[in-house]
Each structure stands twice: as C-alpha cells, then as structure tokens.
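The structure appears below as structure tokens.
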Amino acid sequence: MRSPVTATANDELKAELLEIALDAAHRAGAFLRDGRPDDLGVAATKSSAVDVVTEMDIASEKLITGLLADARPDDGVLGEEGADIEGSSGVQWVIDPIDGTVNYLYGLPSWAVSIAARKDGETLVGVVHAPMRAETYRAVLGGGAFVDDRPARVRPAPDLGLALVGTGFGYLADRRTRQAEVVGQLIAQVRDIRRGGSAAIDLCDVATGRLDAYYERGLNPWDYAAGDLIAREAGALTGGRPGEPLSTDLTVAAPPGLFETLQSRLDELGAWHD
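In our numbering, each residue carries its 1-based index in the sequence shown increased by 5.
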C-alpha cells in the first residue's frame with residue numbers, strides 16, 4: 006500500500022503532466038488548424054510511397070518537443086517524426102504531432118494531436134486533441150476519461166453481430182491486402198465496419214461510445230499510447246492477441262463482453278500477421 010506522501014506526490018505529478026499535455030496539444034492543434042497551407046504537399050515518405058510526412062508534421066513535432074523541453078527538460082521524448090530523447094527523470098512523452106496525416110493532407114477533418122506521458126513504462130496521462138471536431142479527450146490513470154469536461158464512457162457491450170467496429174490499414178501493399186482479407190471475413194459478422202484514418206480518434210470513439218470496438222495491426226506506440234489510456238479509463242478493455250498486451254502486432258479495444266469475443270475472432274482470422 007502506498008504511503009500518503011507517495012500517493013500525493015504521484016497525484017501531483019499526474020496533474021502537472023496533464024496540464025502540460027493539454028497546453029501542448031491545444032497549441033499544436035491551433036497551429037495545425039490555422040496554419041495549414043492551401044498548397045500543402047508531401048515533405049517525405051517513410052515505409053512506402055503512401056506513408057507520408059508533411060512539413061506540418063515536422064513543424065508540429067518541433068513545437069510540441071520545444072514546449073515539453075521548456076516545461077520538463079529532464080524528461081524523455083518519443084515522437085513519430087524522429088524525436089528520441091532518453092531523459093533522466095523516468096518520465097517519457099510519447100507524441101504523434103498529427104495522427105491522421107493523410108486526412109490532414111487531403112483536408113479531411115479526422116486528424117488529431119496525440120500526447121501521452123509514461124513513467125517507468127506505465128502511461129499516466131493521455132490527451133488527444135481533435136481541432137476539427139472541437140473536442141479534446143483526456144485521461145489520467147485511475148481518474149476516468151473525459152471529452153472536454155464531460156465524462157466519457159463506453160457503450161454497453163452488444164453482441165458481436167450488432168457491433169460497429171472501427172479499423173485501419175497499413176501502408177505496405179502486402180499488409181493492406183491481408184488486412185482487407187480479414188475485413189472481408191469479419192464484415193458479415195458485425196453490424197458494420199468504419200475506417201476513419203486516425204487510430205487515436207478511433208480509440209477515443211470507443212471511449213465515447215461512437216464505436217463499439219476498434220482493432221488494427223501495425224500501430225506504433227505514438228499511435229495508441231494516449232488513446233489506449235483514454236479508452237481504458239472510459240471502461241474499455243484493450244490488448245493484442247489473447248493474453249497479450251496491445252502492440253504493433255495487434256491492437257484491440259472494446260467494452261468487456263465484446264472485447265473477448267472480438268479478440269478471439271480476430272485471432273482466428275489471423276489479424277495479427279501479414
């Protein structure tokens with residue numbers, strides 16, 4: 006059992022990290038929303054020609070990492086666009102400066118800034134700011150989940166056949182082909198499937214009851230770190246293959262009762278491998 010002093014110090018740390026994450030996410034979101042050039046183009050590609058980086062991804066990550074360094078210079082940082090700072094405090098920030106870059110590139114509204122803070126490997130704080138929705142999703146470990154100032158809660162678990170399920174696709178052709186095969190088998194067994202284009206928002210949509218469930222193969226920590234905590238604090242279960250944590254191999258999120266059924270079905274369909 007933690008001592009009162011330890012508990013107070015931990016709560017104070019979480020409150021500090023949340024305040025910093027909210028400020029950084031809102032500043033980056035405003036920059037991205039208001040500063041998006043009409044002629045925005047691709048600055049670079051990563052795993053394939055369709056895995057794009059825009060100049061705004063790079064600028065957003067620079068903005069966020071600068072704010073974090075000013076507020077907590079001893080913390081580590083892991084960012085999608087290359088930020089990788091070891092740090093000495095035990096706290097690590099995991100950031101996606103634009104989750105849903107292709108949506109952002111095309112002017113579609115489903116994109117977000119995702120910022121999580123971990124200490125000793127455990128996620129303490131998660132913030133996902135979706136400027137075009139004018140919504141901010143947040144959670145503190147053990148403190149529940151919120152969309153703006155309203156509590157977030159998953160829907161009661163439906164039967165699999167009545168579940169609205171979100172998913173996404175990778176950038177490598179072989180992986181996308183395999184993912185399409187899984188969707189082709191799953192879609193007849195659920196209410197319907199949605200592909201929004203932002204893993205962070207999809208996880209928050211589970212947290213707010215806009216989706217019954219979500220799964221995807223190929224996510225990285227910056228894609229799911231904040232959204233995973235928000236979904237769990239809203240009552241969802243998250244994981245990968247049965248008995249395993251969520252990972253790049255597979256991420257699944259759903260309320261208890263649906264989670265186990267969907268996870269088992271995805272495992273049978275081989276959703277965890279190409």
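The beta-carbon is built from N, C-alpha and C at its ideal position, and this holds for glycine as well.
*asked:* Once DSSP output is grouped into helix, strand and coil, what is the label at alanine 259?
replied: Taking the first residue of the sequence shown as 1, we reach residue 259 at position 254. Looking at alanine 259 - three-state DSSP - the assignment turns out to be strand.
*What's the gap between the Cα of aspartate 43 and the Cα of tyrosine 111?*
On the sequence shown, position 38 is the one that residue 43 refers to. On the sequence shown, position 106 is the one that residue 111 refers to. One C-alpha to the other measures close to 10 Å.
*Going by DSSP, which residues form a beta bridge with histidine 31?*
To locate residue 31, count along the sequence shown from 1; it is residue 26. None, per the DSSP bridge assignment.
*State yes or no: is the C-beta of valine 211 within less than 8 Å of the C-beta of alanine 241?*
For the purposes of this step, residue 211 is taken as the residue at position 206 of the sequence shown. For the purposes of this step, residue 241 is taken as the residue at position 236 of the sequence shown. Contact: yes.
*When we look at the beta-carbon of isoleucine 192 and count the other beta-carbons within 10 Å, is it buried (16 or more) or exposed?*
In the sequence shown, residue 192 corresponds to position 187, counting from 1. Counting Cβ neighbours within 10 Å, isoleucine 192 comes out exposed, since fewer than 16 surround it.
*Per DSSP, what kind of secondary structure is proline 161 in: helix, strand or coil?*
As a first step, residue 161 must be located in the sequence shown, where it is residue number 156. The answer is coil: DSSP assigns proline 161 none of H, G, I, E or B.
*Going by CA-CA distance only, name the one from Gly189, Ala168 and Ala178 that's closest to proline 261.*
On the sequence shown, residue 261 is found 256 positions in, with the first residue counted as 1. In terms of Cα proximity to proline 261, the closest of Gly189, Ala168 and Ala178 is Ala168.
*asked:* So, with DSSP's three-state summary, where would you put proline 226?
replied: Locating residue 226 in the sequence shown gives position 221, where the first residue counts as 1. In the structure shown, proline 226 sits in a helix (DSSP, three-state: H, G or I).
*Where in the segment 56 to 129 do unbroken runs of the alpha helix (DSSP H), each at least 4 residues long, occur, reported from the N-terminal end onward?*
For the segment 56 to 129, whole alpha helix (DSSP H) runs of length 4 or above, ordered along the chain, are 60 to 76 and 106 to 111.
*Inter-stretch contact (C-beta, 8 Å, three-pair minimum) for the segment 81 to 97 and the segment 221 to 241*: Verdict: yes, contact present.
_For glutamate 249, three-class secondary structure by DSSP_ = For the purposes of this step, residue 249 is taken as the residue at position 244 of the sequence shown. For glutamate 249, the three-state secondary structure derived from DSSP is coil.
*Using a Cβ-Cβ cut-off of 7 Å (strictly less than) and excluding sequence neighbours within five positions of aspartate 79, which residues of its own chain qualify?*
Translated into the one-based positions of the sequence shown, residue 79 becomes position 74. So the qualifying residues of the chain are Gly92, Ser93 and Ser94.
*Measuring CA to CA, which of Pro102, Gly46 and Val58 is closest to glycine 71?*
Here residue 71 is taken as the residue at index 66 of the sequence shown, counted from 1. Its Cα nearest to that of glycine 71, the residue Pro102 stands out among Pro102, Gly46 and Val58.
_Exposure of glutamate 238, with buried meaning 16 or more beta-carbon neighbours within 10 Å_ = Within the sequence shown, the letter at position 233 stands for residue 238. That one is buried.
*Where do the N-terminal and C-terminal ends of the beta strand (DSSP E) with valine 211 fall, by residue?*
For the purposes of this step, residue 211 is taken as the residue at position 206 of the sequence shown. Per DSSP, valine 211 lies in no beta strand (DSSP E) segment; the continuous alpha helix (DSSP H) that holds it begins and ends at 204 to 212.
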